[in-house]
Structure formats: C-alpha cells, structure tokens
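Encoded as structure tokens, the structure appears first; notes follow it.
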Amino acid sequence: MMERSAAVKLRVDQEKCQGHNRCYMLAPELIDVDDMGTAFERNEDGSVPAELEEKAQLAADNCPEFAIVISED
Amino acid sequence: MADTQPVNDWATDFDILDEGYIADPFTVWEDLRGRCPIAHTERRESAFLPTKYDDVQAFSKMVPELSSADPLVIAAPEAIQQTEHFKKYGANSPPISSDPPEQVWTRRLLLPHFTPKAVEPHRQYTEELCNELIDGFIETGEADAAGQYAQQIPPRLIAKMLGVDESMTDDFTYWVRAVLELGLADPELRMKYRDVIRQFFRDTVAERRDNPGDDLISHFLAATDPDGNPIDPEIVIGMCNLQLVAGIDTTWSSIGSALWHLGSNPSDRQRLAADESLYPTALEEFLRFYSPVTMARVVTENVDYNDVSMCPGDKVIMNFPGANHDPDAFENPHEFQIDRKVNRHVAFGAGIHRCAGSNLARMEMDVAIKTWMKRIPEFEVSKPDEVTWAGGQVRGPRYLPVTF
Numbered sequence: 000m001m002e003r004s005a006a007v008k009l010r011v012d013q014e015k016c017q018g019h020n021r022c023y024m025l026a027p028e029l030i031d032v033d034d035m036g037t038a039f040e041r042n043e044d045g046s047v048p049a050e051l052e053e054k055a056q057l058a059a060d061n062c063p064e065f066a067i068v069i070s071e072d
Numbered sequence: 000m001a002d003t004q005p006v007n008d009w010a011t012d013f014d015i016l017d018e019g020y021i022a023d024p025f026t027v028w029e030d031l032r033g034r035c036p037i038a039h040t041e042r043r044e045s046a047f048l049p050t051k052y053d054d055v056q057a058f059s060k061m062v063p064e065l066s067s068a069d070p071l072v073i074a075a076p077e078a079i080q081q082t083e084h085f086k087k088y089g090a091n092s093p094p095i096s097s098d099p100p101e102q103v104w105t106r107r108l109l110l111p112h113f114t115p116k117a118v119e120p121h122r123q124y125t126e127e128l129c130n131e132l133i134d135g136f137i138e139t140g141e142a143d144a145a146g147q148y149a150q151q152i153p154p155r156l157i158a159k160m161l162g163v164d165e166s167m168t169d170d171f172t173y174w175v176r177a178v179l180e181l182g183l184a185d186p187e188l189r190m191k192y193r194d195v196i197r198q199f200f201r202d203t204v205a206e207r208r209d210n211p212g213d214d215l216i217s218h219f220l221a222a223t224d225p226d227g228n229p230i231d232p233e234i235v236i237g238m239c240n241l242q243l244v245a246g247i248d249t250t251w252s253s254i255g256s257a258l259w260h261l262g263s264n265p266s267d268r269q270r271l272a273a274d275e276s277l278y279p280t281a282l283e284e285f286l287r288f289y290s291p292v293t294m295a296r297v298v299t300e301n302v303d304y305n306d307v308s309m310c311p312g313d314k315v316i317m318n319f320p321g322a323n324h325d326p327d328a329f330e331n332p333h334e335f336q337i338d339r340k341v342n343r344h345v346a347f348g349a350g351i352h353r354c355a356g357s358n359l360a361r362m363e364m365d366v367a368i369k370t371w372m373k374r375i376p377e378f379e380v381s382k383p384d385e386v387t388w389a390g391g392q393v394r395g396p397r398y399l400p401v402t403f
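Going line by line, the protein sequences match chains S and P. Mapping of the first sequence onto numbering that gives the first Met the number 0: residues 0 to 72, in sequence order. Mapping of the second sequence onto numbering that gives the first Met the number 0: residues 0 to 403, in sequence order.
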C-alpha cells in the first residue's frame, strides 16, 4: 500500500473560537463542542482521515472567527 | 435635530429607521462600500455605520473600547439613562448588555443550555407546534405566513423553556415589538414596555424562588456569582428579559424571511422540496442573505480606526447584515445561492457576543421550514406589494400573505 505523501491536520484555535458551532454541524466526525460551545478536535493529534479532508476544509471555510487551521505535515 | 427628515447623503446623515432603507438596505450599503465604507450620522445621536465585513469583524473584537452597555441601535431614552437603575445595570440584559467580567460569567450560565445537544430535546415540541399551527389554516388555502406561523413559534418555545404559561405568547410578542420595533421611534412606548417586561419577570422570579422547577429561571436562581454568592436578583431578571427580547422576533424574522424567499423564488422552493440534503447550506444562506439582527456598541475611549475618529459616547452600529453582503468577503454576495459552500456569515455576530441562542434559532428554523415545506410544498407570496417589513434592530416580514 502506498503511503500518502502528506497527512492533513485540523486544529481549532480555542482562543479564537466563539462557539458558532458551524464546524461541528459540518464535520461532526472531526469536531465536537464542549458545554460552553467551544470546539475541539476529536482526534487529539488533529489528524484527518483522507475521506474526511473535504469536510475538514468546509469546516475551516465556514468559521466566522477564522479559528480553524488546516495544515499538511 | 430633525430625526425623521429625508436623507440627503447616506454617508454623512444615515437613518436606519428610514422606510426605504428598511425595505431595501442593500443598495445603500453597496453605494457606501464604494465611497465611504463607514458612514456617520448625527440623527438622534452621533453614530457610525460600517458596511464592510472586515470592519464589522474588527469592531466586534474591540473590547473594551466599544461597550455593550446600551446595545440597541437607538440609544435608551434620556429618561431611562438618568435612572439609578440604568447607571448601575445599564440596559441590564446580561450577557448581551454586559462587558467583561460580568459578560463572561453570566454568559457561562447560559451557554450550557444552548449547545447543539442541549437544544435537540426541544425539537419534538417545535415540530408538534409547527404542525398544529399549519392545521389551523391549511384548509383555507391561504395564510399570513408571518403572523399566523413564523411569529407564533419562538415565543411559545421560549415560554416553555422559561416555565411560563403559553397563554403569555401574544403578550410576549407585543411587549418585544414595543421595545425593539415600535419603540425605536417612540421612546415612551419603549419605556413603558421595558418596565412591563421587567415587572413580569420580577414577579415570576419571586414565585419561582419558592417553587423551583426544571426551567431556565430555576437554573439561573440555583447558580452563584463568581464570589460564590447568590446572583443579584436584578441580574436574574435581566437574563430572563434577554430570553424574550433576543429570542423572539429575531428567530421569527428569520423564519418569515425564509418563507418570503421560498414563496417568491419558485426554483429555490422546488430545489429544496426535491432535495432535503440542501437544508444545511440553505439555512446558512437564509441567515446570510436575510440576516435579521443589527446590534450596537457605545464608544468608551477615543478610537482611531482607518480614517475614522470616534469619541466616547458615540454609537457604532454593528451592521452584521451589511457585512454579509460585502463582495470582498462573499462571492456574488447579492445572489442567493442555496448550496453556497463557503459562507463565513456573521448573522449571529462575531467575537465574545456571538448570539448565545444561535443553535436554538437554527433548530427552530430547520423545523419550521422543513415542516412547512413538507405540508405546503407549493405556495407563493400572493400580494407582494402588501408585504410589510420591520427593520432597524431586527429586519423581517411582519405581514406575509401566501396562497397554496
């Protein structure tokens, strides 16, 4: 099996997050929210499975606080 | 100052209560964005009106230079501002009318009741309610989708969450309109109903203290302030007040605008009826395109921002609807795109005052529109010229005749 050249990661900047919860609605597989509505990554290391990369990007593209960062390691 | 004279130049003399602006603010914003993105007025009081997304975002983050102590778009009447109560508590609807640190701890009391998971148990009640309302007029082939439907949903749900009898619905609706809509141009009406709401909650909170239940008021009463003391009763009353003034005509305006859109645009209506998977993007696009809520801040210290100098006491109109139509932030912002993928709208505000009830509002919109579309997939706005819109603080249709 070929290894993917880059692993996509999603990070929530909790300093910026104001609990709009748009990311949770769009990508509940990747993001959960706590009692105060603050988002956090379900996978502690922020890793995004290949089949969820599009959802991760959507979550980032719809955050009104620009609090979600997608990166490739 | 003649507050109600026609506007000559929107850049230097804007009037957010102007009838033409309420009916169509979009062309005004578009004009201003091109030549003077932050307009000013001396009507009623000195106030600034940003029209660009980035400016509204920047003002949302300007805390404490911009205070939320008087968050309505028309300042509290002088007679209210001079009271000891106002001097101590401001507009007293925590946390929307608070600045940190009070904003932080009062908001934390609210948020757990409004997460996506916390609002989900209210879905079934909302569905039953929507169906019941439709039962009331479906046989007649026509309805006022604003008055007989949209307007009826949020006050009943809020009454239930507060543990207050549903028979209060019509009173709640009128009280809130008297403060937020009719009262903007009529200070006496605004003062009267501001007091009516507070007295109602003063009595209800006292009664609830003796007979607590599983409702928001009882939860507020059981909580403590940061020093571990019971919360000042006036703060509890203010938080109850907020549930009414922020939770009612905002959401009904969103539902009403969505039905106005679907009843005026057959192709979008047919697409939504045929494909339920469009709802998530459709709801956010309704929120962006028809953003109902405009808020305000009060300047507390000299602020220089771009070419604008603001002084203590000036108002800043938090033009979230205008931001949501900025071409620098949205592709083809004047097009309603039911499947818009990238949509960082700020219909619920931005920064620390992001609408605490946004998930509840979304659930109500989702249920109200889905239930309507399931029962009445074919309908149209029957007398477009007779549709009336309210605006200023909260924009949405108040009379919306449809046939089906």
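We put the beta carbon where it would ideally sit given N, CA and C, even for glycine. Computed from a prediction, not measured in an experiment: that's the story for all the values here.
Taking a contact to mean a Cβ-Cβ separation below 8 Å, would you say residue i touches residue j in this structure?
i      : j      : result
P:L215 : P:Q242 : yes
P:F85  : P:V315 : no
P:D267 : P:L261 : yes
P:G348 : P:S253 : no
P:A367 : P:I152 : yes
P:E131 : P:V393 : no
P:L156 : P:A295 : no
P:F136 : P:L359 : no
P:R287 : P:L277 : no
S:V47  : S:L25  : no
P:A144 : P:G255 : yes
P:V380 : P:E141 : no
S:V7   : S:G18  : no
Could you work out which residues of chain P lie near residue i, taking near to mean beta carbons separated by less than 8 Å?
i     : result
S:N20 : T114, P115, S357 and N358
S:Q17 : A349, G350, I351 and R353
Since residue i meets chain P, which of its residues come closer than 7 Å, beta carbon to beta carbon?
i     : result
S:L57 : K340
S:E64 : A349
Please determine, among the options, the residue with the shortest C-alpha to C-alpha distance to residue i.
i      : options                           : result
P:Y289 : P:T11, P:P5 and P:A22             : P:A22
P:L183 : P:M372, P:W28 and P:D2            : P:D2
P:G407 : P:V292, P:P265, P:A281 and P:S97  : Past the boundaries of the shown model lies residue 407 of chain P; chain P is included only from 0 to 403, so the question cannot be answered.
S:G45  : S:A55, S:G36 and S:N20            : S:A55
S:M35  : P:N264, P:A367, P:A117 and P:V298 : P:A117
P:E424 : P:T11, P:Q4, P:D30 and P:H218     : This structure does not reach residue 424 of chain P, given that chain P is present from 0 up to 403, and the question cannot be answered.
P:G162 : P:P36, P:Q269, P:D213 and P:E283  : P:D213
P:F403 : P:R201, P:P70, P:W371 and P:P111  : P:W371
P:I337 : P:G356, P:E284 and P:P100         : P:E284
S:C22  : P:R343, P:M362 and P:V401         : P:R343
P:H352 : P:W104, P:A328 and P:P120         : P:W104
P:A74  : P:A144, P:A46, P:R339 and P:R207  : P:A46
P:N318 : P:N7, P:F25, P:I79 and P:D303     : P:F25
P:R106 : P:V195, P:N264 and P:T223         : P:T223
P:C354 : S:V47, S:E71, S:P63 and S:N42     : S:P63
P:P120 : P:A245, P:H324, P:E363 and P:N210 : P:E363
P:D194 : P:F171, P:V302 and P:E334         : P:F171
P:N91  : P:N7, P:T139, P:V244 and P:R208   : P:V244
P:R361 : P:G350, P:A346, P:R374 and P:I375 : P:A346
For residue i, return the contacting residues in chain S, with the cut-off set at a CB-CB distance below 8 Å.
i      : result
P:P111 : D34 and M35
P:P279 : M24 and L25
P:R201 : Chain S residues near P:R201: none, gap ~29 Å exceeds 8 Å.
Any idea what DSSP makes of residue i, helix, strand or coil?
i      : result
P:S92  : coil
P:R394 : coil
P:H39  : strand
P:M160 : helix
P:L71  : coil
S:M0   : Low confidence applies here, because S:M0 scores a pLDDT of 47, under 50, leaving its location unreliable; read the following figure in that light. DSSP places S:M0 in coil when its eight states are reduced to three.
P:L277 : helix
P:E64  : coil
S:E28  : coil
S:S70  : strand
P:A295 : strand
P:D30  : helix
P:D248 : helix
P:L399 : coil
P:I230 : coil
P:M309 : strand
P:A222 : coil
P:M0   : Residue placement at P:M0 cannot be trusted, given a pLDDT of 46 that sits under 50; the coordinates are not used to answer.
P:R46  : It should be noted that the sequence gives Ala, not Arg, for residue 46 of chain P. Strand.
P:M167 : helix
P:A349 : coil
P:R207 : helix
S:L9   : strand
Taking Cβ-Cβ distances shorter than 9 Å, what residues in chain S pair up with residue i?
i      : result
P:R296 : Residues of chain S passing the Cβ test: none, with the nearest at roughly 16 Å.
Against residue i, what residues of chain P qualify as contacts under a CB-to-CB distance less than 9 Å, listed in chain order?
i     : result
S:D60 : K340, V341, N342 and R343
Using a C-beta to C-beta distance shorter than 7 Å, which residues of chain S count as neighbours of residue i?
i      : result
P:R107 : M35
### Task
Examine the Cβ distances between the region 62 to 73 of chain P and the region 28 to 42 of chain P and report whether three or more of them are shorter than 8 Å.
With the cut-off at 8 Å, the region 62 to 73 of chain P and the region 28 to 42 of chain P do not touch.
### Query
Would you call the region 168 to 183 of chain P and the region 388 to 399 of chain P touching, i.e. three or more CB-CB distances under 8 Å?
The count of Cβ pairs closer than 8 Å, one atom from the region 168 to 183 of chain P and one from the region 388 to 399 of chain P, reaches three, so the stretches are in contact.
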